[in-house]
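Heads up: the sequence shown begins at 5 in the numbering used here, then just goes up one per residue.
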Amino acid sequence: MRSHTAVSPEEAADRLAIRELFDAYAHCADRRDARGQTALFTEDTRFVVYMDAKSAEPTQELHGRDALAPVFDNLNQYSATTHFNGQSTVVVNGNQADGESYTIAHHVTIGDDGRRTLMIASIRYLDQYVKQDGTWYFAERKLLVDWTETRPMHD
5 MRSHTAVSPE EAADRLAIRE LFDAYAHCAD RRDARGQTAL FTEDTRFVVY
55 MDAKSAEPTQ ELHGRDALAP VFDNLNQYSA TTHFNGQSTV VVNGNQADGE
105 SYTIAHHVTI GDDGRRTLMI ASIRYLDQYV KQDGTWYFAE RKLLVDWTET
155 RPMHD
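What follows is the structure, encoded as structure tokens:
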């Protein structure tokens, strides 16, 4: 673990902007705002999904902002989602940065019988960020699912 060191006001502002970036990603996901979510990425972005974080091979790999919308639209299969962002580590180097962040994602499904099911996923994101025209974007986002649990919900 990295020890705390003094940061300049500029780096503090960059770190805050990056935190707001991945918070905006979760917000857009929960609001089903695929267009807003897509706008958080660079035009030439790379998005890689590992449904099993221990796998060497990705489940899905997408290139370019235009390829992202169908993936984000996939959240519409759930009646509700809630993403809680946890700890994060960001290293800023000029107009580029690398980071790791944790999320617990809750996905609610309503079956044909009207019963609700909750799937909880522990997700880590390994990100590369780039600052363009004063705004931070995801240049690359690797989504790694560490574990999931699915269980019935009770009223």
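C-beta: ideal position from N, C-alpha, C; glycine also.
Just how far apart, CA to CA, sit residue i and residue j?
i, j, result
"Arg-160", "Thr-9", "The requested residue 160 does not occur in the structure, where the chain is confined to residues 5 to 159."
"Phe-88", "Ala-71", "25 angstroms"
"Thr-42", "Phe-76", "8 angstroms"
"Thr-46", "Thr-121", "35 angstroms"
"Tyr-141", "Ala-125", "24 angstroms"
"Val-94", "His-31", "20 angstroms"
"Val-11", "Leu-20", "12 angstroms"
Which stretch, first to last residue, makes up the alpha helix (DSSP H) that contains residue i?
i, result
"Ala-109", "First-last for Ala-109: 100 to 114, but that is the beta strand (DSSP E), not the alpha helix (DSSP H)."
"Asp-131", "It is not in any alpha helix (DSSP H) - Asp-131 instead sits in the beta strand (DSSP E) that spans 120 to 136."
Report the residue from the options whose alpha carbon sits nearest the alpha carbon of residue i.
i, options, result
"Thr-85", "His-111, Val-96, Asn-78 and Val-94", "His-111"
"Arg-145", "Glu-15, Val-96 and Arg-69", "Arg-69"
"Ala-33", "Tyr-133, Tyr-82 and Thr-93", "Tyr-82"
"Gln-132", "Ala-17, Glu-24 and Phe-51", "Phe-51"
"Met-55", "His-158, Gln-136, Arg-128 and Asp-137", "Arg-128"
"Pro-156", "Met-123, Asp-137, Leu-147 and Phe-142", "Met-123"
"Glu-61", "His-158, Thr-154 and Val-149", "Val-149"
"Gln-91", "Asp-117, Ser-105 and Ala-16", "Ser-105"
"Thr-154", "Ile-114, Ala-38 and Gln-136", "Ile-114"
"Gly-98", "Thr-49, Ala-30, Leu-44 and Gly-138", "Gly-138"
"Glu-65", "Val-53, Ile-22, Lys-58 and Val-94", "Val-53"
"Cys-147", "Glu-15, Ala-28, Asp-48 and Thr-63", "What sits at residue 147 in the sequence shown is Leu, not Cys. Residue Thr-63 is the option with its Cα nearest to Leu-147."
"Asn-78", "Ala-17, Arg-23, Trp-151 and Arg-39", "Arg-39"
I need the boundaries of the beta strand (DSSP E) containing residue i, first residue and last residue.
i, result
"Arg-69", "That residue, Arg-69, is in no beta strand (DSSP E); it is neither H nor E in DSSP."
"Tyr-141", "139 to 156"
"Ala-60", "Ala-60 -> no beta strand (DSSP E), and no H or E assigned at all."
Go ahead and label residue i buried or exposed: buried means 16 or more other beta carbons lie within 10 angstroms of its beta carbon, across all protein chains shown.
i, result
"Asp-159", "exposed"
"Gly-118", "exposed"
"Ala-101", "buried"
"Ile-108", "exposed"
"Ala-143", "buried"
"Asp-18", "buried"
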